[in-house]
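K.L.:
Residue numbers (the numbering used here), protein chains in the order written: chain W, -1 to 113; chain V, -6 to 238.
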């Protein structure tokens, strides 16, 4: 029952986010606005307690949710066959550059604080 | 035999097929991942995608038929993005204390990943729609599709690139962080998780959750932050670039 209530909150807030995004022509996708709305509502135990159980379950199995989109790679085998090596190079290098920059900015702050 | 063929044709064309196949293959991949000591190369998303896409290509079942069932799992990405408010809420005291540094790191890392992918793709002479589809690949798949549309890419291709980027981060992050000398203490795990979530979104976060609780929480935070930053800044940056050239 509690998990169902939590799931209903997530759906309702996503729907509210979609509505706000369209009505106000906001640049965020609906679920992002839903996330911000939920962040504001979590201070109330009536929302927090049911949402906690559902959110932890969904996020623990987050990687499953990417499988259907990932299988979509099969529809782009043509593009990937034609440009595969270059695309792989771009993805690998930009991923490493992004992660390295993130760590360097974070660690620069940590080192300065430690003296 | 004819009955069996008829039954197979019926089953493989109902939504039941895509849904059941996704769940069963993922559980199998997850079991193998645990048996192999959670080594990055045994990543369950990677092997689920390889097995499912391979089986569909070999058996000639179109992706649309598969997706008619798998869409029920895909749909949960929306509520999962809303649910990201939960890890943010549980770490709110820490976030209030470190928000400026974390925002800077998220902004710099996300911008570097986006600029590097667009810049490299352009230098390597990839077609314009592929270049633009690569731009939002560090943002979690459902949001990457929205951003892709806003910057002039192909949403479905961006979603595939986002999954591939997630896999590259989940597979190689450990080795990159070790090579950079990031320690394995509380602050080090936070930095590793945050970097994985910033660049490799949900798939990186799923890997981080597996390795360390702090790393997992910071990865969830980074992925939420990236969603907000990218969905505001990326369309603005590309609109500005377009009017400048």
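Backbone N, C-alpha and C define an ideal beta-carbon position, used for all residues, glycine too. Since the model is a prediction, treat every value here as computed from it, not as a measurement.
Between residue 94 (chain V) and residue 132 (chain V), what straight-line distance do the alpha-carbon atoms span, to the nearest angstrom?
P.N.:
What you label residue 94 (chain V) is simply residue 101 of the second chain in a count that begins at 1. What you label residue 132 (chain V) is simply residue 139 of the second chain in a count that begins at 1. The straight-line gap from Cα to Cα measures roughly 20 Å.
K.L.:
May I ask you to report which of helix, strand or coil DSSP gives residue 81 (chain V)?
P.N.:
If you number the second chain from 1, residue 81 (chain V) lands on position 88. The answer is helix: DSSP assigns residue 81 (chain V) an H, G or I state.
K.L.:
Assuming residue 83 (chain V) contacts residue 6 (chain V) (C-beta within less than 8 Å), just tell me the rounded distance between them.
P.N.:
Walking along the second chain from the start, residue 83 (chain V) turns up at place 90. Walking along the second chain from the start, residue 6 (chain V) turns up at place 13. Not really, about 44 Å apart at Cβ, beyond 8 Å.
K.L.:
Pick helix, strand or coil for residue 85 (chain W), following the three-state DSSP scheme.
P.N.:
Here residue 85 (chain W) corresponds to residue number 87 of the first chain, with the count starting at 1. If DSSP states are grouped into helix, strand and coil, residue 85 (chain W) belongs with the helices.
K.L.:
Using the C-alpha atoms, what's the distance from residue 106 (chain W) back to residue 113 (chain W)?
P.N.:
For the purposes of this step, residue 113 (chain W) is identified with residue 115 of the first chain, where counting begins at 1. For the purposes of this step, residue 106 (chain W) is identified with residue 108 of the first chain, where counting begins at 1. Confidence in residue 113 (chain W) is poor, its pLDDT being 41 and thus under 50, which makes the residue's placement unreliable; the coordinate value appears in the next sentence. Near 11 Å, if we compare the C-alpha coordinates of residue 106 (chain W) and residue 113 (chain W).
K.L.:
So which of W:82, W:3, W:28, W:66 has the shortest CA-CA distance to residue 44 (chain W)?
P.N.:
Here the question's residue 44 (chain W) lines up with position 46 in the first chain. Checking every option, the nearest Cα to that of residue 44 (chain W) belongs to W:3.
K.L.:
Residue 156 (chain V) and residue 134 (chain V) - do their beta-carbons sit closer together than 8 Å?
P.N.:
To locate residue 134 (chain V), count along the second chain from 1; it is residue 141. To locate residue 156 (chain V), count along the second chain from 1; it is residue 163. Going by C-beta atoms, residue 134 (chain V) is nearer than 8 Å to residue 156 (chain V).
K.L.:
Contact criterion: CB-CB distance below 8 Å. Does residue 186 (chain V) meet it with respect to chain W?
P.N.:
As a first step, residue 186 (chain V) must be located in the second chain, where it is residue number 193. No, no contact with chain W.
K.L.:
Could you give the uninterrupted runs of the alpha helix (DSSP H) lying entirely in the region 47 to 78 of chain V, keeping only those of 4 residues or more?
P.N.:
The region 47 to 78 of chain V contains these whole alpha helix (DSSP H) runs: 56 to 67, 70 to 76.
K.L.:
Just the Cα atoms here: how many angstroms apart are residue 71 (chain W) and residue 22 (chain W)?
P.N.:
By one-based count along the first chain, residue 71 (chain W) stands at place 73. By one-based count along the first chain, residue 22 (chain W) stands at place 24. Taking the straight line from one Cα to the other gives about 34 Å.
K.L.:
Quick check on residue 94 (chain W) - is its C-beta less than 8 Å from some C-beta in chain V?
P.N.:
Start at 1 with the first residue of the first chain, and residue 94 (chain W) comes out as number 96. True, the Cβ-Cβ gap to chain V drops below 8 Å.
K.L.:
Hey, how far is the Cα of residue 164 (chain V) from the Cα of residue 104 (chain W)?
P.N.:
Stepping through the second chain from its first residue, residue 164 (chain V) is reached at position 171. Stepping through the first chain from its first residue, residue 104 (chain W) is reached at position 106. Their Cα atoms are separated by approximately 22 Å.
K.L.:
Whole angstroms is fine: what's the gap from residue 46 (chain W)'s alpha carbon to residue 76 (chain V)'s?
P.N.:
Position 48 of the first chain, counting from 1, holds the residue named residue 46 (chain W). Position 83 of the second chain, counting from 1, holds the residue named residue 76 (chain V). If you take the alpha carbons of residue 46 (chain W) and residue 76 (chain V), they lie about 11 Å apart.
K.L.:
Counting only C-beta atoms, is residue 31 (chain V) closer than 8 Å to chain W at any point?
P.N.:
On the second chain, position 38 is the one that residue 31 (chain V) refers to. Taking Cβ atoms only, chain W never reaches closer than 8 Å to residue 31 (chain V), which makes this a no.
K.L.:
Quick one: does residue 255 (chain V) have its CB under 8 Å from some CB of chain W?
P.N.:
Residue 255 (chain V) falls outside the range modelled here, since chain V spans only -6 to 238, and no answer is possible.
K.L.:
Could you check how far apart the C-beta atoms of residue 39 (chain V) and residue 18 (chain V) are, in whole angstroms? I think they sit under 8 Å.
P.N.:
What you label residue 39 (chain V) is simply residue 46 of the second chain in a count that begins at 1. What you label residue 18 (chain V) is simply residue 25 of the second chain in a count that begins at 1. Going by Cβ atoms, the distance from residue 39 (chain V) to residue 18 (chain V) rounds to 12 Å, so no, they are not a contact pair.
K.L.:
Determine the DSSP secondary structure at residue 122 (chain V), reduced to helix, strand or coil.
P.N.:
As a first step, residue 122 (chain V) must be located in the second chain, where it is residue number 129. Note: residue 122 (chain V) maps to helix in three-state DSSP.
K.L.:
Within a Cβ cutoff of 8 Å, which residues of the same chain sit near residue 62 (chain V), ignoring the five residues on either side of it in sequence?
P.N.:
Position 69 of the second chain, counted from the first residue, corresponds to residue 62 (chain V). Cβ within range, chain order: 7, 8, 9, 10, 11, 12, 13, 14, 15.
K.L.:
Between residue 30 (chain W) and residue 66 (chain V), which are expected to be in contact by the criterion C-beta below 8 Å, what is the C-beta distance as a whole number of angstroms?
P.N.:
What you label residue 30 (chain W) is simply residue 32 of the first chain in a count that begins at 1. What you label residue 66 (chain V) is simply residue 73 of the second chain in a count that begins at 1. Between residue 66 (chain V) and residue 30 (chain W) the Cβ distance is about 20 Å, and since that is not below 8 Å, they are no contact.
K.L.:
Under 9 Å between beta-carbons, which chain V residues line up against residue 128 (chain W)? List them in chain order, please.
P.N.:
In this structure chain W extends from -1 to 113, so residue 128 (chain W) is not present and cannot be described.
K.L.:
Give a yes or no on whether the minimum CB-CB distance between residue 113 (chain W) and chain V is below 8 Å.
P.N.:
Against the first chain, residue 113 (chain W) aligns to sequence position 115. Reliability fails at residue 113 (chain W), whose pLDDT of 41 lies under 50, so the model's placement of it is uncertain and no value is given.
K.L.:
Decide if residue 19 (chain W) is buried, meaning its Cβ has at least 16 other Cβ atoms within 10 Å, or exposed.
P.N.:
Position 21 of the first chain holds residue 19 (chain W). By the neighbour-count rule (16 or more Cβ atoms within 10 Å), residue 19 (chain W) is buried.
K.L.:
When you compare only the Cα positions, how much space is there between residue 93 (chain W) and residue 1 (chain W)?
P.N.:
Position 95 of the first chain, counted from the first residue, corresponds to residue 93 (chain W). Position 3 of the first chain, counted from the first residue, corresponds to residue 1 (chain W). Looking at the two C-alpha atoms, the distance is approximately 36 Å.
K.L.:
Helix, strand or coil, according to DSSP, for residue 176 (chain V) in the structure here?
P.N.:
Position 183 of the second chain, counting from 1, holds the residue named residue 176 (chain V). Looking at residue 176 (chain V) - three-state DSSP - the assignment turns out to be coil, as it is neither helix nor strand.
K.L.:
According to DSSP, is residue 128 (chain V) part of a helix, a strand, or is it coil?
P.N.:
Translated into positions along the second chain, residue 128 (chain V) becomes position 135. The answer is coil: DSSP assigns residue 128 (chain V) none of H, G, I, E or B.
K.L.:
Tell me, please, whether the CB atom of residue 7 (chain V) is closer than 8 Å to any CB atom in chain C?
P.N.:
Protein chains W and V are contained in the structure displayed, whereas chain C is not.
K.L.:
Kindly indicate if chain W contains any beta-carbon less than 8 Å away from that of residue 10 (chain V).
P.N.:
For the purposes of this step, residue 10 (chain V) is taken as the residue at position 17 of the second chain. It does not; no Cβ of chain W falls within 8 Å.
K.L.:
Can at least three beta-carbon pairs, one atom from the region 59 to 71 of chain W and one from the region 103 to 118 of chain V, be found at a separation below 8 Å?
P.N.:
Too few Cβ pairs lie closer than 8 Å, so no.
K.L.:
Using the C-alpha atoms, what's the distance from residue 216 (chain V) back to residue 71 (chain V)?
P.N.:
Here the question's residue 71 (chain V) lines up with position 78 in the second chain. Here the question's residue 216 (chain V) lines up with position 223 in the second chain. The alpha-carbon atoms of residue 71 (chain V) and residue 216 (chain V) are separated by roughly 14 Å.
K.L.:
Taking C-beta pairs closer than 9 Å, name the residues in chain W that residue 52 (chain V) reaches, listed in chain order.
P.N.:
If you number the second chain from 1, residue 52 (chain V) lands on position 59. Per Cβ cutoff of 9 Å: no residues; residue 52 (chain V) is ~11 Å from chain W at best.
K.L.:
What do you reckon, are the CB atoms on residue 209 (chain V) and residue 186 (chain V) nearer than 8 Å?
P.N.:
Here residue 209 (chain V) refers to the residue found at position 216 when the second chain is read from its first residue. Here residue 186 (chain V) refers to the residue found at position 193 when the second chain is read from its first residue. Yes, these two residues count as a Cβ contact at 8 Å.
K.L.:
Tell me the residue span of the alpha helix (DSSP H) that contains residue 27 (chain W).
P.N.:
Within the first chain, the letter at position 29 stands for residue 27 (chain W). Looking at the DSSP string, residue 27 (chain W) is not in any alpha helix (DSSP H), and its letter there is neither H nor E.
K.L.:
Is the beta carbon of residue 193 (chain V) closer than 8 Å to that of residue 146 (chain V)?
P.N.:
Reading the second chain from its first residue, position 153 is the one you call residue 146 (chain V). Reading the second chain from its first residue, position 200 is the one you call residue 193 (chain V). Not a contact, by the Cβ cut-off of 8 Å.
K.L.:
For residue 79 (chain W), go through chain V and note every residue whose CB falls closer than 8 Å to its CB, in chain order.
P.N.:
Position 81 of the first chain, counting from 1, holds the residue named residue 79 (chain W). Going along chain V, no residue has its Cβ under 8 Å from residue 79 (chain W), so there is no contact; the nearest lies around 12 Å.
K.L.:
I need the straight-line Cα distance from residue 7 (chain W) to residue 49 (chain W), nearest angstrom please.
P.N.:
The residue given as residue 7 (chain W) occupies position 9 in the first chain. The residue given as residue 49 (chain W) occupies position 51 in the first chain. If you take the alpha carbons of residue 7 (chain W) and residue 49 (chain W), they lie about 7 Å apart.
K.L.:
Whose Cβ in chain W lies nearer than 9 Å to the Cβ of residue 131 (chain V)?
P.N.:
Within the second chain, the letter at position 138 stands for residue 131 (chain V). Chain W residues near residue 131 (chain V): 92, 93, 96.
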